[in-house]
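Below is one structure, written out as structure tokens, with a few remarks after it.
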Amino acid sequence: MGNLPGTRDILPEDTALWQFIEMETRGVFERYGFYEIRTPVIEPTELFARGIGGDTDIVGKEMYTFHDQSDRSVTLRPEATASVMRAYIQNTMFREGNLRKLYYFGPMFRHEKKQKGRWRQFFQAGVEAIGSDHPAVDAEIIEMAISMLEALEIKSRLLINSVGCRECRPKYVELLRNELQKNSDGFCGDCQRRAVTNSLRVLDCKVENCQPLIVGLPVITEHLCEDCTKHFIDLRGHLDDAGITYEIVPRLVRGLDYYTRTAFEIVSGELGSQNALVGGGRYDGLSEILGGPATPAIGFAVGLDRLAMILSETRGQTDRRGPEIFLAWMGAAAFSKSLQIARQLRRAGHYCYMNFGEGSLKSRMRLANKLDAKHVLIIGDNELANERYAVKRLADSEQWEASLPEIENYLRKC
Ligand code: AMP
Numbered sequence: 002m003g004n005l006p007g008t009r010d011i012l013p014e015d016t017a018l019w020q021f022i023e024m025e026t027r028g029v030f031e032r033y034g035f036y037e038i039r040t041p042v043i044e045p046t047e048l049f050a051r052g053i054g055g056d057t058d059i060v061g062k063e064m065y066t067f068h069d070q071s072d073r074s075v076t077l078r079p080e081a082t083a084s085v086m087r088a089y090i091q092n093t094m095f096r097e098g099n100l101r102k103l104y105y106f107g108p109m110f111r112h113e114k115k116q117k118g119r120w121r122q123f124f125q126a127g128v129e130a131i132g133s134d135h136p137a138v139d140a141e142i143i144e145m146a147i148s149m150l151e152a153l154e155i156k157s158r159l160l161i162n163s164v165g166c167r168e169c170r171p172k173y174v175e176l177l178r179n180e181l182q183k184n185s186d187g188f189c190g191d192c193q194r195r196a197v198t199n200s201l202r203v204l205d206c207k208v209e210n211c212q213p214l215i216v217g218l219p220v221i222t223e224h225l226c227e228d229c230t231k232h233f234i235d236l237r238g239h240l241d242d243a244g245i246t247y248e249i250v251p252r253l254v255r256g257l258d259y260y261t262r263t264a265f266e267i268v269s270g271e272l273g274s275q276n277a278l279v280g281g282g283r284y285d286g287l288s289e290i291l292g293g294p295a296t297p298a299i300g301f302a303v304g305l306d307r308l309a310m311i312l313s314e315t316r317g318q319t320d321r322r323g324p325e326i327f328l329a330w331m332g333a334a335a336f337s338k339s340l341q342i343a344r345q346l347r348r349a350g351h352y353c354y355m356n357f358g359e360g361s362l363k364s365r366m367r368l369a370n371k372l373d374a375k376h377v378l379i380i381g382d383n384e385l386a387n388e389r390y391a392v393k394r395l396a397d398s399e400q401w402e403a404s405l406p407e408i409e410n411y412l413r414k415c
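Quick look at the structure:
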């Protein structure tokens, strides 16, 4: 029996790379004062219908939704921002009155068309800074996303835009809808539908024939209200001060309805068509949509599968940690002794490996090398009788005899 399309097993050969990515990412988030939050993988369907918007592709076509035994409509989360905001409201974190900085790691589920770099179960790390609309917060989380990619030595480009607010965005959308209605013939079928349901989404259509038509549409940055214009100017000022280079892309709108003002994406040149690594933006309207108090917030999510894909191409496999000591036992008496030595060394905190089948010393040495063991402990009849064992250091093939306490003492200093 196989796994479902769009899902995969990440095998032990690859998990070292994933652990490395997670460790570096977590380290950067924590240096910027973010704390981890863990929310359920399943949520009421209503959360995403309200929080993401019914006319988005995610909610309309891509969610894994089912009815549980209590006939509740449940959905495997397609993203985590709505869940984090639900948890923020439900746990009355807003009462503390300060900026809450939260981060998460975990699998997300979207029934998307399968292609390279696009999975139906994929992994994201993300952050949400909830409780401030200050443009310096936007700049700080963008800086953090860039630091994270730098820590992983991934080259990237930052694209930014402002998508306005409740005041100015509807007026711009109205203008856009009118323009689209005037001349909708050349657009693809999806765009013609979006022109009515979610006009902004026309701007990020990837269909080639739509591109020249999109270029002629009005741009949102020329229709921002005074406050949004100032916010965008201030954000750019903070990015300039931090020495961060960016491109302003007025077509960058993000697919989700609750985004306001800052929208950004970080792309890599190395991934072909699925080159988006980080997607983020401000979502000042989400808390209210979910029944909470008006609370400004900004966040981003980074696709860990894509980071792993780039790093496995640029760095190759990350070394697995080999055993500190490999127990090469020969004979039944040595087997029992080996179990006891393994227990003792592990209790003392050492990574000790032994296998359970009979085998020659030669085959044992072959396996120890394959596992990248640092030392081999040879346990045969002679060694048992004297309680002194042959220790072989594989790096330089040096070999010596030692008692178990001497070995422990040596390993402690390694
Ligand atoms: P989004 O939540 O759509 O803003 O996506 C944020 C990031 O998650 C993207 O930039 C990608 O790196 C990653 N991502 C989104 N969808 C997928 C997918 N189906 N497979 C792999 N990575 C994805």
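The numbering of the sequence shown is my numbering, which starts it at 2 and goes up by one.
Cβ coordinates follow ideal geometry from the N, Cα and C atoms, glycine included.
Inset, instruction - Would you kindly check if the distance between the Cβ of Met109 and the Cβ of Gly87 is under 8 Å? - result: A quick correction: the sequence has Arg, not Gly, at residue 87. Judged by beta-carbon spacing, Met109 lies beyond the 8 Å limit of Arg87, meaning their Cβ atoms are not closer than that value.
Legend entry - Terminal residues of the alpha helix (DSSP H) in which Leu48 lies: Counting along the chain, the unbroken alpha helix (DSSP H) around Leu48 starts and ends at 46 to 52.
Legend entry - Rounded straight-line distance, which links the Cα of Leu18 to that of Gly282: Going from the Cα of Gly282 to the Cα of Leu18 covers about 28 Å.
Inset, instruction - With a floor of 3 residues, list each beta strand (DSSP E) that falls wholly inside the stretch 126 to 192, ordered by position along the chain. - result: 158 to 163
Legend entry - 8 Å contact criterion, which Tyr247 and Ile161 should meet: CB distance rounded: 5 Å
Legend entry - Straight-line gap, Val268 to Leu395 (C-alpha atoms, nearest Å): Going from the Cα of Val268 to the Cα of Leu395 covers about 43 Å.
Legend entry - the stretch 54 to 64 touching the stretch 36 to 45, judged by at least three CB pairs closer than 8 Å: no
Legend entry - Three-state secondary structure assigned by DSSP to Trp401: Strand, per DSSP.
Legend entry - Host alpha helix (DSSP H) of Ser339 (start-end): 333 to 348
Legend entry - Alpha-carbon to alpha-carbon, Ala298 and Phe265: 14 Å
Inset, instruction - Give the DSSP-derived three-state secondary structure of Ser74 in the structure shown. - result: strand
Inset, instruction - Determine, using beta-carbon pairs with one atom in the stretch 184 to 197 and one in the stretch 210 to 222, whether at least three such pairs fall under 8 Å. - result: Taking 8 Å as the limit for Cβ pairs, the verdict is that the stretch 210 to 222 does touch the stretch 184 to 197.
Inset, instruction - Let me know the secondary structure DSSP gives Leu218 once reduced to three states. - result: coil
Inset, instruction - Would you kindly work out how many angstroms separate the C-alpha atoms of Arg255 and Arg367, rounded to a whole number? - result: Arg255 and Arg367: Cα-Cα distance of roughly 54 Å.
Inset, instruction - Answer yes or no: the CB of Arg9 versus the heavy atoms of the ligand AMP, is any distance below 7 Å? - result: no
Inset, instruction - Drop a sphere of 10 angstroms on the beta-carbon of Gln125, count the other beta-carbons inside from all chains shown, and report buried for 16 or more, exposed for fewer. - result: buried
Inset, instruction - Go ahead and label Trp120 buried or exposed: buried means 16 or more other beta carbons lie within 10 angstroms of its beta carbon, across all protein chains shown. - result: buried
Inset, instruction - Answer yes or no: do Glu407 and Ala391 have a C-beta to C-beta separation smaller than 8 Å? - result: Taking 8 Å as the Cβ cut-off, Glu407 and Ala391 do not qualify as a contacting pair.
Inset, instruction - Say whether the stretch 224 to 244 touches the stretch 135 to 145, bearing in mind that this needs 3 or more beta-carbon pairs closer than 8 Å, one atom from each stretch. - result: yes
Inset, instruction - Please go through the same chain and pick out, in chain order, the residues whose beta-carbon is closer than 6 Å to the beta-carbon of Tyr260, but skip the five residues on each side of it. - result: Val164, Gly282, Tyr284
Legend entry - As assigned by DSSP and simplified to three states, the class of Gly7: coil
Inset, instruction - Determine the DSSP secondary structure at Ile290, reduced to helix, strand or coil. - result: helix
Legend entry - Opening and closing residue of the beta strand (DSSP E) in which Pro266 lies: Before going further, note that residue 266 is Glu rather than Pro in the sequence given. Where Glu266 is concerned, the enclosing beta strand (DSSP E) stretches over 261 to 268.
Legend entry - For Gly28, three-class secondary structure by DSSP: helix
Inset, instruction - Kindly indicate which residue of Tyr105, Ile155, Leu218 has the alpha-carbon position closest to the one of Lys183. - result: Leu218
Inset, instruction - Please determine, among Arg413, Ala369, Arg389, the residue with the shortest C-alpha to C-alpha distance to Ser398. - result: Ala369
Inset, instruction - Under the assumption that Tyr104 contacts Gly127 (Cβ atoms under 8 Å), give the Cβ distance between them as a whole number of angstroms. - result: 7 Å
Inset, instruction - Starting from the C-beta of Ala329, find all residues in its chain whose C-beta is less than 8 Å away, skip the five residues before and the five after it, and write them out in chain order. - result: Leu362, Arg365, Met366, Ala369, Val377, Leu378, Ile379, Ile380
Legend entry - Stretch-stretch touch, CB-based, cutoff 8 Å, three pairs: the stretch 287 to 305 with the stretch 88 to 97: Touching, yes, given that three or more Cβ pairs across the two stretches are closer than 8 Å.
Inset, instruction - Can you tell me which of the three DSSP states Tyr33 falls into? - result: coil
Legend entry - Contacts around Gln122, its chain only, beta-carbon distance under 6 Å, and the 5 residues preceding and following it disregarded: Thr8, Pro108, Phe110
Legend entry - Glu144 to Ala243 span [Cα, whole Å]: 8 Å
Legend entry - Beta bridge counterpart(s) of His68 as assigned by DSSP: Ser74
Inset, instruction - Can you say whether Lys338 is buried or exposed, counting buried as having 16 or more other CB atoms within 10 angstroms of its CB? - result: With 16 or more other CB atoms across the displayed protein chains lying within 10 angstroms of its CB, Lys338 is buried.
Inset, instruction - Report the rounded CA-to-CA distance for Val216 versus Gln116, giving the unit in angstroms. - result: 27 Å
Inset, instruction - Run through the stretch 79 to 131 for me and flag every whole beta strand (DSSP E) of 3 or more residues, listed as ranges in chain order. - result: 101 to 110, 122 to 131
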